[in-house]
Every structure is written in structure tokens, then in C-alpha cells.
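Participant: I have a structure I would like to understand better, so I am pasting it below and will then ask my questions one at a time.
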Amino acid sequence: MRFNRKLTIASLILPILILWQPTLADSSNNVPPWHREETPSIWNKNKCNGGSSQSFHLDGEVNNPTTYNLQKLQNLRDTLKKENPALITEVTVTFKTGSGERTETYYGISLWELINNPKAGGGLKPGNSGVNTKNSFLRQYVLVDATDCYGAVVAIGEIQPNFEGKTVLVAFAKKGSGNQVVPLTDEGFARLVVPGDKAGGRYVSNVTNILILSAPPSPLKRRYF
């Protein structure tokens, strides 16, 4: 009786193994899956090669998507500064890096002005407001990424003048050793400067994209107690 039961189980397992076997190797070339080259993902198709940035794209939830190079960014800063001499275009910051603490003076245009000035980004577009639309711009954020795929996020609430009002700068120059203004030769033509950050993790250099996005709706289901 026990022998017959084992025989029955074996007879059931054998067809399953026969059906399963083709999935362990490619039937066309008998290459096992761990040796088979996978189809490249979207990330492999869009690899970040690094290197020095020559321009960046301002895009996403902004009215005037634009591409900026060094000359265009300088011209924008000069125009806005002429219209409003009180505009902050210079910040001195101290931040920690992998090689120690640095103190630098950077020159550029504030991220808020870049996004909202009519001569630049033209203001925020309404984003994904979620269920509650109150202060929906507080769900928006800026993703700044570099030529090597490094990136960091700044919340709109950090730079909105009526909230934290932090002067985050998109810098294109800095003060050199002789107090002269010099370009950012080793940091691409533009970099992000985030005053108040103790570490320089959000000081993204070689900027290639500045994208305004919205946080998605919460994936958590509401619970009532």
C-alpha cells in the first residue's frame, strides 16, 4: 500500500518536471537564465555618463520650460538684478564635504526666482493636489539632478517666501582666492547651493535637470478609530 502511494506521487511529479524543465533554459539555445542577457531597462538605455554640464533643463510643473546655458543664466541674473537691486544673488556658505569643511561664496540666481519670475520659469503650474487642495504647492518639490545621475530634492515650502523663505541658489560662479569672481570650472557651469545644510549632499554640481514635480497621493488607506 505504501509502495503504491509512493509510486503514484512519483508518477505525478514526473510530468510536472517535464513541463517545468523548458523554463530553466532557453529552448532555442539552451542557455541557462543566469547566463542569459536580460533586456536592458529604461535606466540602462539612459545611462548617465557623468562629465561637465554645459546646460540644464528647467521643466516639469512650470509654465515656461526652458534650457539654460552659462550665458543665458548670467543674462537672466543681470536683468533681474537691474530690475530689483535688492535681489539676493550672492551667498556665503560653510558645509561639510568628504575632504573636510569648506567655506565658499557663490554667485547666481535664486531657485525661487528661476521658477517663478515671468522672465524665467513663469511660475508654478498646479500639480497633484491630492484630496485636500489647501496649499497644494506644499506638495510640490524640485528635483535637481546631475550628469552622473546624482540628485537631490528641495521642497517648494523651503524656498517659498511666505514659508521658510530659504535662498537656495543656482550658482554659476564663486569667489576665487584673490577675491575675484571665477567660473565653476570643476563643478560644471552650474550647481545648487543650499544655505543652512550642514553637509553638502544637496550641493549638486554639474546640474543637467531642474524638474518641478508633485508628491503622489498617499498610498496609505485612511483608518478610522
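When you line the sequence shown up against mature numbering (1 follows the signal peptide of the UniProt record, and there is no 0), it's residues -25 to -1, 1 to 200, in that order.
Cβ coordinates follow ideal geometry from the N, Cα and C atoms, glycine included.
Treat the numbers as computed from the prediction; the structure is a model and nothing was measured.
Between the segment 112 to 128 and the segment 180 to 196, are three or more C-beta pairs nearer than 8 angstroms?
Facilitator: Flag = yes, the segment 112 to 128 and the segment 180 to 196 touch.
Participant: Roughly how many angstroms lie between the CA atoms of Gln29 and Asn154, to the nearest whole one?
Facilitator: If I take the Cα positions, the gap works out to 25 angstroms.
Participant: Are the beta-carbon atoms belonging to Val37 and Lys100 less than 8 angstroms from one another?
Facilitator: For Val37 and Lys100, yes; Cβs fall inside 8 angstroms.
Participant: Expressed to the nearest angstrom, what Euclidean distance is found between the alpha-carbon atoms of Val179 and Phe138?
Facilitator: Approximately 23 angstroms, taken between the alpha carbons.
Participant: Taking 8 angstroms as the limit between beta carbons, can you name the residues of its chain near Glu88, skipping five residues before and five after?
Facilitator: Same-chain partners within the cutoff: Leu55, Leu62 and Ala95.
Participant: Closer than 8 angstroms is the cut-off here; do at least three beta carbon pairs connect the segment 42 to 55 with the segment 117 to 126?
Facilitator: Segments in contact, no.
Participant: Could you tell me the distance, in whole angstroms, from the CA atom of Gln135 to the CA atom of Arg52?
Facilitator: Straight-line Cα distance between these residues: approximately 19 angstroms.
Participant: Beta-carbon within less than 8 angstroms of Asn91's beta-carbon, same chain only, minus the 5 sequence neighbours each way: which residues are those?
Facilitator: Within the same chain, Asn91 has close Cβ partners Gly97, Gly98 and Leu99.
Participant: Rounded to whole angstroms, what's the CA-CA distance from Trp9 to Pro158? Just pull it up for me.
Facilitator: With a pLDDT of 37 at Trp9, under the threshold of 50, the modelled position of that residue is not reliable, and the figure given next carries that caveat. Rounded to the nearest angstrom, the two C-alpha atoms are 49 angstroms apart.
Participant: Span of the alpha helix (DSSP H) holding Asp53?
Facilitator: Note, Asp53: alpha helix (DSSP H), Leu45 to Glu58.
Participant: Pick from Ala148, Ile185, Glu76 and Lys173: whose alpha carbon is nearest that of Pro127?
Facilitator: It should be noted that the sequence gives Ala, not Pro, for residue 127. Among Ala148, Ile185, Glu76 and Lys173, the Cα nearest to that of Ala127 is on Ile185.
Participant: For Leu195, which residues of its own chain have a beta-carbon under 8 angstroms away from its beta-carbon, when the five flanking residues on both sides are left out?
Facilitator: Nothing listed; no residue qualifies.
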